[in-house]
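Everything in the sequence shown is counted per my numbering, starting at 5 for the first residue and increasing by one.
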Amino acid sequence: MVRRRIRFRHAVLTAVLAGALAVPAAAGDVELEIRQTEWELRPGLTTRAWTYGGTVPGRPIVVRPGERVRATVTNRLPVATNIHWHGLVLPNDQDGPALTIEPGAVFRYDFLAGESGTYWYHPHRMPVLPQMDRGLYAPFIVLAPEDALYDGDHTFVLDDWLLDSRGNRLEGTSRQEMERYGNVETVNGKTGDAVAPLRVRAGQIHKLRFINASTAAFHELKVSGHRFRVTHLDGHPLQRPYETDRIDLAPGERVDAELFASRHEGERYRISSSRPELGLVIPIVYGPGSVPASASPFRPPAPEAPAAVPARPDQELVLSSGMGGMMGPGGMVWTIDGRAFPRTRPIEAKVGVPLTLRIYNRDHMSMMMGHRMDHPIHVHGTRFRVLSVNGTAPDQPIWKDTVPVPLGGFVDISFVMKNPGDWMFHCHIIDHEDGGMMTFVRAR
Ligand SMILES: [Cu+2]
Numbered sequence: 005m006v007r008r009r010i011r012f013r014h015a016v017l018t019a020v021l022a023g024a025l026a027v028p029a030a031a032g033d034v035e036l037e038i039r040q041t042e043w044e045l046r047p048g049l050t051t052r053a054w055t056y057g058g059t060v061p062g063r064p065i066v067v068r069p070g071e072r073v074r075a076t077v078t079n080r081l082p083v084a085t086n087i088h089w090h091g092l093v094l095p096n097d098q099d100g101p102a103l104t105i106e107p108g109a110v111f112r113y114d115f116l117a118g119e120s121g122t123y124w125y126h127p128h129r130m131p132v133l134p135q136m137d138r139g140l141y142a143p144f145i146v147l148a149p150e151d152a153l154y155d156g157d158h159t160f161v162l163d164d165w166l167l168d169s170r171g172n173r174l175e176g177t178s179r180q181e182m183e184r185y186g187n188v189e190t191v192n193g194k195t196g197d198a199v200a201p202l203r204v205r206a207g208q209i210h211k212l213r214f215i216n217a218s219t220a221a222f223h224e225l226k227v228s229g230h231r232f233r234v235t236h237l238d239g240h241p242l243q244r245p246y247e248t249d250r251i252d253l254a255p256g257e258r259v260d261a262e263l264f265a266s267r268h269e270g271e272r273y274r275i276s277s278s279r280p281e282l283g284l285v286i287p288i289v290y291g292p293g294s295v296p297a298s299a300s301p302f303r304p305p306a307p308e309a310p311a312a313v314p315a316r317p318d319q320e321l322v323l324s325s326g327m328g329g330m331m332g333p334g335g336m337v338w339t340i341d342g343r344a345f346p347r348t349r350p351i352e353a354k355v356g357v358p359l360t361l362r363i364y365n366r367d368h369m370s371m372m373m374g375h376r377m378d379h380p381i382h383v384h385g386t387r388f389r390v391l392s393v394n395g396t397a398p399d400q401p402i403w404k405d406t407v408p409v410p411l412g413g414f415v416d417i418s419f420v421m422k423n424p425g426d427w428m429f430h431c432h433i434i435d436h437e438d439g440g441m442m443t444f445v446r447a448r
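See below:
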């Protein structure tokens, strides 16, 4: 017990000193200034970013479960904006999309953080792409008690930027793409040699939180010399954590994983994306000496009944795309049941009553062009259970707030709306969201 207490203090101190995850005295009282800044991605490459508090990612908010959050937000941007707290279950008037914070205006959010987990925040003012793409995103961490027992708790926010060689933002898309993909990839706002290494000692166990803040890019992370042990998806703990050397993240998704430092002093390994030349590489650096091997402090949640593929979902939706719209790059229009937002039909839900949805991805335009186009669907105001992917139930309960719907396939989800209101339901590829692939869950 004594050792645990010392380690707890050590972990908090480490987090404070690291700066990237500073825990203020009253963590829930936050002042956020949304403003432009010149941001150095690496020495010699600086770009004009939009930020929450002057850094990319923006200021992390780190609180305890159920803690009151009072965020005073001042908009110093030249355009109206708002903040959406991605993954948190909140009253509708705190969720973000319905709010407008004009240039120069101040808005005070006031809500209770819910369950522990890795969440994040970003703008939800249409069009979202030119705001989020300039660096407007930040972690929102609700700490679980066991998180303090790790030898380190690290958050990695992934992003990509489309820039010229001087760091000027290029408009539109590249390579005849239908979405905006970057030519520079970043971890916590830094690229290439400027990415801060993960420093470990032999025997330690570290908690890694990955957040994909890219507007369109899927990231595939591989680790050398080690295995990830995945414990949480979108902030929700797994009953059976699993080991893997590769973590896939669709836009909007989060994965928490443990990394056991099983190698030795002086050795170097890395976590890298599928295109490391773009700069998304996290070195793993072993410091001197070793500690007695740490055990995982992770405790799985209470067991739940296995998911069943619904014989007849309450509602079915079809995601697709087409030409001829004035929205979206290249005249693309992105649709749900053949309609683009705001002409999409709302999904009717009753507060407190479970709803099952089957979401098809019949994106024929993408299929014809041989373009892999899974649509990561995000639902506000709830978490949902994944009942099936292409009719196969997952081998353990999976709770998410963002799920990729595979091209040519479907996903079944089930959820209960806790609070009344119009809640956004949309693709988290922001080009698609802005281009029409969005509707409401209308909870009454
Ligand atoms: Cu999409």
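Positions of the beta carbon are idealized from the N, C-alpha and C atoms, including for glycine. What you are looking at is a predicted structure, and each value in this text was computed from that prediction instead of being measured.
In three-state terms, what does DSSP make of residue i?
i      : result
Val27  : Note on Val27: pLDDT 44, under 50, position unreliable in the model; the coordinate value appears next. Looking at Val27 - three-state DSSP - the assignment turns out to be coil, as it is neither helix nor strand.
Asn187 : coil
Asn79  : strand
Ala198 : helix
Leu212 : strand
Gln98  : helix
Met331 : Reliability of the predicted coordinates at Met331 is poor, the pLDDT of 49 falling under 50, and the value obtained from them is presented with this limitation in mind. Reduced to three states, the DSSP call for Met331 is coil.
Pro143 : strand
Leu282 : helix
Glu150 : helix
Gln180 : coil
Pro134 : helix
Thr50  : strand
Phe444 : strand
Arg258 : strand
Arg272 : strand
Glu44  : strand
Thr59  : coil
Val295 : coil
Met5   : Note on Met5: pLDDT 32, under 50, position unreliable in the model; no value is reported.
Arg203 : strand
Ser325 : strand
Phe115 : strand
Asp163 : strand
Arg11  : For Arg11, the predicted model reports a pLDDT of 43, less than 50, meaning its position is unreliable and no value from the coordinates is stated.
Leu103 : coil
Val16  : Low confidence applies here, because Val16 scores a pLDDT of 41, under 50, leaving its location unreliable; read the following figure in that light. Here Val16 sits in helix by DSSP.
Gly108 : coil
Asp33  : strand
Arg170 : coil
Arg39  : strand
Are residue i and residue j touching if we call contact CB-CB under 8 Å?
i      : j      : result
Arg389 : Ser418 : yes
Val295 : Gly156 : no
Met182 : Met336 : yes
Leu361 : Gln400 : no
Gly193 : Val60  : yes
Glu37  : Arg74  : no
Arg279 : Ser228 : no
Asp367 : Leu133 : no
Arg340 : Pro380 : In the sequence as displayed, the identity of residue 340 is Ile instead of Arg. No, Cβ-Cβ distance for Ile340 and Pro380 is not below 8 Å.
Leu162 : Asn187 : no
Arg46  : Gly196 : yes
Ser120 : Pro69  : yes
Lys422 : Asp238 : no
Trp54  : Gln135 : yes
Tyr185 : Asp168 : no
Trp124 : Ala217 : yes
Glu224 : Asp252 : yes
Taking 7 Å as the cut-off, is the CB of residue i close to at least one heavy atom of ligand 1?
i      : result
Ile417 : no
His379 : yes
His88  : no
His436 : yes
Met441 : yes
Ile65  : no
Ile402 : no
Trp427 : no
Ile433 : yes
Trp165 : no
Trp338 : yes
When DSSP builds the beta bridges, which residues end up paired with residue i?
i      : result
His88  : His126
Arg303 : Answer is none; Arg303 lacks a bridge partner.
Glu247 : Arg233
Phe264 : Ile209
Thr339 : Ser324
Gly70  : Its beta-bridge partners do not exist; DSSP assigns none.
task: Please list the segments of the alpha helix (DSSP H) lying wholly inside the segment 356-442, counting only runs of 4 or more residues, in order along the chain.
output: 368-372 and 434-438
Checklist entry - Which runs of the beta strand (DSSP E) spanning at least 3 residues fall entirely within the segment 214-241, listed in chain order? => result 223-227 and 232-237
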